[in-house]
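Trainee:
Numbering (the UniProt record's numbering), first residue to last: 1 to 170.
1) Check this for me: beta carbons of residue 86 and residue 27, under 9 Å apart or not?
2) Going by beta carbon distance, what residues of the same chain come within less than 7 Å of residue 18, once the five residues before and after it are set aside?
3) Quick one: is the Cβ of residue 141 within less than 8 Å of any heavy atom of the ligand SAH?
4) Report the residue ranges of all alpha helix (DSSP H) runs contained in full by the stretch 41-115; include only those spanning at least 4 residues, in chain order.
5) Is residue 123 closer than 9 Å to residue 135 when the C-beta atoms are compared?
6) Check each candidate in 71, 115, 89 and name the one with the smallest Cα separation from residue 47.
7) When you compare only the Cα positions, how much space is there between residue 114 and residue 147?
8) Pull up the distance between the alpha-carbon of residue 37 and that of residue 29, whole angstroms please.
9) Alpha carbon to alpha carbon, how far is residue 110 from residue 151? Give it in angstroms, no decimals.
10) Kindly list the residues whose CB is nearer than 7 Å to the CB of residue 95, restricted to its own chain and excluding five residues on each side of it in sequence; keep chain order.
11) With H, G and I counted as helix, E and B as strand and the rest as coil, what does DSSP make of residue 27?
12) Which of the three DSSP states is assigned to residue 138 in this structure?
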C-alpha cells in the first residue's frame, strides 16, 4: 500500500489537530500502516508554538506523544502535499474547502465521518471549555475509523491488482 499523507486541521493547531496527529501516528503504527501525519490550523496566531499543555497532558496520559509538534497555518501547498485534509469541525472544514485550489485532489472532510455512528458529530474545541478528555475520546474514535477506512481501501486495491494480474498469468 502506498504511504498515505494525512493532515489534520483545527482552528489554532494547539489542541485538537495536534492530538489527532499523535493519536493517528500511534494507532496507524500499531495497525502496521505507514502514514505521514501532520497538523495545521486555519487561524494560527502562534505559529511555532507547542500544543496546549492540557492537550499534551491528556494525550500523554493515554500514551500518545505530541513531542515535536509545532503549530502552523494551513497553506495552499498542503493540498498537493497531502492525500487527506481532515477537519475537526464544520467551520474549519468550510475554510479548508475555501482554501483548496481548484486542481486539488486531496480528500477533504470531517474526522468523525470515519467513525460510523459519530458521523454528524463535530469535535468541540476544548481550548475554552477544558474538555480535553471528551475531545480525545472523539479523536480516538475518528482515528480508529480512519485506520479501518485506510485498511479497507488498501485491501480493495490489492484485490483489484490481483484480479487484473490473473488473466495475464493464464
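For each residue, glycine too, the CB sits at the ideal point set by N, CA and C.
Mentor: Here's the rundown:
1) No, the Cβ-Cβ distance between residue 86 and residue 27 is not below 9 Å.
2) Around residue 18: 39, 51, 55, 66, 69.
3) Looking at this structure, you won't find the ligand SAH or any other ligand, since it has none at all.
4) Counting only runs of 4 or more residues that sit fully inside the stretch 41-115, the alpha helix (DSSP H) segments are 53-61, 78-81, 90-99, in chain order.
5) A contact, by the Cβ cut-off of 9 Å.
6) Answer by Cα proximity: 71.
7) Straight-line Cα distance between these residues: approximately 9 Å.
8) Looking at the two C-alpha atoms, the distance is approximately 11 Å.
9) Near 18 Å, if we compare the C-alpha coordinates of residue 110 and residue 151.
10) Residues of the same chain with a CB within less than 7 Å of the CB of residue 95, apart from the 5 flanking positions on each side, are 42 in chain order.
11) Three-state result, residue 27: helix.
12) Correct three-state label for residue 138: helix.
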